[in-house]
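Trainee: Would you mind keeping the following structure in view while I ask a few things?
Protein chains: 2
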Amino acid sequence: MQVCFAESLLPPSSTPRLDGFDRKILDILQRDNTTPQRTIGEAVNLSAPAVQRRIKRMTEEGVIRANVAVVDPAAVGHAITIFVEIEVISETAEQIEEAKRQFAAEPQIQQCYYVTGEADFVLVIVVPSMAEYEALTRRLFFGNNNVKRFRTFVAMDRIKVGLGVPT
Amino acid sequence: MQVCFAESLLPPSSTPRLDGFDRKILDILQRDNTTPQRTIGEAVNLSAPAVQRRIKRMTEEGVIRANVAVVDPAAVGHAITIFVEIEVISETAEQIEEAKRQFAAEPQIQQCYYVTGEADFVLVIVVPSMAEYEALTRRLFFGNNNVKRFRTFVAMDRIKVGLGVPT
DNA sequence: GACTCCGCGAAACAAACTTGCAAAAACACC
DNA sequence: GGTGTTTTTGCAAGTTTGTTTCGCGGAGTC
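In order, the protein sequence lines correspond to chains A and B.
Residues 858 to 1024 (our numbering) are what the first sequence spells out, left to right.
Residues 858 to 1024 (our numbering) are what the second sequence spells out, left to right.
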């Protein structure tokens, strides 16, 4: 469901050198990974087995981290997307690690980043209702005495949602 | 690559009623959509064709919006993830729509939300270098006279990244 | 109680993925 | 500039997976 980069401690991928073919293949797979390899092959001028070998290699190297279905949150009753900026009081290594663990374990926290700037953490949260969000804040933020302040932004429109990376 | 909810104007999905089987299937597909249907069937106590029919139905209904490969940004040279909060000057419908269009068209903008609160837009940006980000700000923010202020947060760690929704 | 409507499972079918092998291309080293 | 090595490709066969068809059985209706 989620991809935890912090947990999958792959080595820095010895040789993740990607040529033009690899990038074109990634570009297609990022849009639709159900595209048949034969079709991909035609698009990049390569045979299907060659495409298959490259995909396998990139998967083993960790270039492709996961293959997932994207589900409409509204369809499963989680219609509200919320952004939260969190400022902590004490930034000791242990406390930061503890916070990371806590956020990562929460299913309703879809994304979590540790950042520099006016905040320390940024979260993307998906909940079925504001009441649920209120309960979450009570548990995660008010119930954590290392949280100095948090700022909430409720999404009115999801203009663009994805994990695509320019190739 | 990205899923643009604003562009895919599906109707509110007549009957996206999901039962327990559907939710279990979605849960599996959100983790790994290459899981064979018969394996899914064993996990949820259903035959492979039944699983296949449900997946097809949910895809047609828009519950499953896309099937994508998740690529490690660092592997393709886009190692820097940045959060941006944007405050606009004038919030007329046209200008908001124009901003949405502009943000959605930018490949390096991975996610874009229109929000309430102390900011108007929240962006997730993926760039190869800070120089690239600087160029982007010059073009998108300084070059847009409707942007009142923007705040930048640079990600030091991606604790959790995904689009998974609790089922 | 007979009827229709849905959704399931078993089997047949079609398509895609995977593997072995020989040839061609790219590369390093003389 | 030639030669041996390594890498990568394409083809073809074999295997797995996805898809369709068909008959069956239960839920709801009249």
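Where is the CB? At the ideal position from N, CA and C, for every residue including glycine.
Would you list the one or two residues that DSSP bridges to Tyr970 of chain B?
Mentor: BP columns for Tyr970 of chain B point to A:Arg1015, B:Val979.
Trainee: DSSP three-state call for Val945 of chain B: helix, strand or coil?
Mentor: Strand, per DSSP.
Trainee: Can you name the residues of chain B whose CB is closer than 8 Å to the CB of Gln909 of chain A?
Mentor: None at all; the shortest Cβ gap to chain B is about 13 Å.
Trainee: Under three-state DSSP, which class holds Ala926 of chain A?
Mentor: If DSSP states are grouped into helix, strand and coil, Ala926 of chain A belongs with the strands.
Trainee: Apply the 10 Å Cβ neighbour rule to Ile946 of chain A and answer buried if 16 or more other Cβ atoms are within range, or exposed otherwise.
Mentor: Result: exposed.
Trainee: Going by beta carbon distance, what residues of the same chain come within less than 6 Å of Asn924 of chain A, once the five residues before and after it are set aside?
Mentor: Closer than 6 Å at Cβ, skipping near neighbours: Asn890.
Trainee: Using the beta-carbon count (16 or more within 10 Å), is Asp876 of chain A buried or exposed?
Mentor: Asp876 of chain A should be labelled exposed.
Trainee: Measuring CA to CA, which of B:Gly1000, B:Val1018, B:Tyr990 is closest to Val1011 of chain B?
Mentor: The shortest Cα separation from Val1011 of chain B among B:Gly1000, B:Val1018, B:Tyr990 belongs to B:Tyr990.
Trainee: Glu942 of chain A and Glu975 of chain A: beta carbons closer than 9 Å?
Mentor: Yes. Within cutoff.
Trainee: Determine the burial state of Ala956 of chain B: buried for a count of at least 16 other Cβ atoms within 10 Å of its Cβ, exposed for fewer.
Mentor: Looking at its Cβ environment, which holds 16 or more other Cβ atoms inside 10 Å, Ala956 of chain B is buried.
Trainee: Could you tell me whether the Cβ atoms of Ala936 of chain B and Pro985 of chain B are closer together than 9 Å?
Mentor: In contact: Ala936 of chain B and Pro985 of chain B (Cβ atoms closer than 9 Å).
Trainee: Where do the ends of the alpha helix (DSSP H) carrying Gln894 of chain B lie?
Mentor: Segment 894-901, the alpha helix (DSSP H) holding Gln894 of chain B.
Trainee: Would you list, in chain order, the members of the segment 905-939 of chain A that have their beta-carbon closer than 7 Å to a beta-carbon of chain B?
Mentor: The segment 905-939 of chain A vs chain B, Cβ under 7 Å: Gly919, Val920, Ile921, Arg922, Ala923, Asn924, Val925, Ala926, Val927, Val928, Asp929, Pro930, Ala932, Val933, His935, Thr938.
Trainee: For the pair the segment 959-979 of chain A and the segment 1001-1017 of chain B, tell me if three or more CB-CB distances fall below 8 Å.
Mentor: Short answer: they touch.
Trainee: Pop quiz: Ile912 of chain A and Ile885 of chain A are said to be a contact at Cβ under 8 Å. What is the actual Cβ separation, rounded to whole angstroms?
Mentor: Rounded, the Cβ-Cβ distance is 10 Å, inconsistent with contact.
Trainee: Residues bridged to Phe940 of chain B by DSSP?
Mentor: Note: Phe940 of chain B sits in a beta bridge opposite B:Val981, B:Phe1010.
Trainee: Would Asp929 of chain A and Ile953 of chain A qualify as a contact pair, given that the criterion is a beta-carbon distance under 9 Å?
Mentor: In this structure, Ile953 of chain A does not lie closer than 9 Å to Asp929 of chain A by Cβ.
Trainee: List the residues of chain A that Phe998 of chain B touches, going by C-beta distances under 7 Å, in chain order.
Mentor: Near Phe998 of chain B there are no residues of chain A at all, since even the closest Cβ is about 16 Å away, more than 7 Å.
Trainee: Which residues, in chain order, does the segment 963-988 of chain A contribute to contact with chain B at a C-beta distance below 7 Å?
Mentor: Going along the segment 963-988 of chain A in chain order, one finds Pro964, Gln965, Ile966, Gln967, Gln968, Cys969, Tyr970, Tyr971, Val972, Thr973, Gly974, Glu975, Ala976, Val979, Val983 with a Cβ nearer than 7 Å to chain B.
Trainee: Using a Cβ-Cβ cut-off of 9 Å, state whether Val901 of chain B counts as contacting chain A.
Mentor: Cβ-Cβ to chain A under 9 Å: no for Val901 of chain B.
Trainee: When we look at the beta-carbon of Phe999 of chain A and count the other beta-carbons within 10 Å, is it buried (16 or more) or exposed?
Mentor: Answer is exposed; the Cβ neighbour count stays below 16.
Trainee: Does the beta-carbon of Ala926 of chain A have 16 or more other beta-carbons within 10 angstroms, so that it is buried, or is it exposed?
Mentor: Buried, because 16 or more other Cβ atoms sit within 10 Å of the Cβ of Ala926 of chain A.
Trainee: So Ile943 of chain A contacts chain B; which residues on that side make the cut at Cβ distance below 7 Å?
Mentor: Result: empty, since nearest Cβ-Cβ is about 11 Å, beyond 7 Å.
Trainee: Per DSSP, what kind of secondary structure is Val920 of chain A in: helix, strand or coil?
Mentor: Reduced to three states, the DSSP call for Val920 of chain A is coil.
Trainee: Please list the partners that Gln894 of chain B has in chain A, where partner means a Cβ-to-Cβ separation under 8 Å.
Mentor: Under the 8 Å cutoff, chain A gives no residues; its nearest Cβ is about 13 Å from Gln894 of chain B.
Trainee: With C-beta atoms as the reference, is Val1022 of chain B less than 9 Å away from Val1022 of chain A?
Mentor: Going by C-beta atoms, Val1022 of chain B is not nearer than 9 Å to Val1022 of chain A.
Trainee: Quick check: what's the CA-CA separation for Thr1024 of chain A versus Asn1002 of chain A?
Mentor: Answer to the nearest angstrom: the Cα atoms are 42 Å apart.
Trainee: Per the DSSP calculation, Val1004 of chain A is bridged to which residue(s)?
Mentor: DSSP, once it has assigned bridges, lists A:Val945 as partnering Val1004 of chain A.
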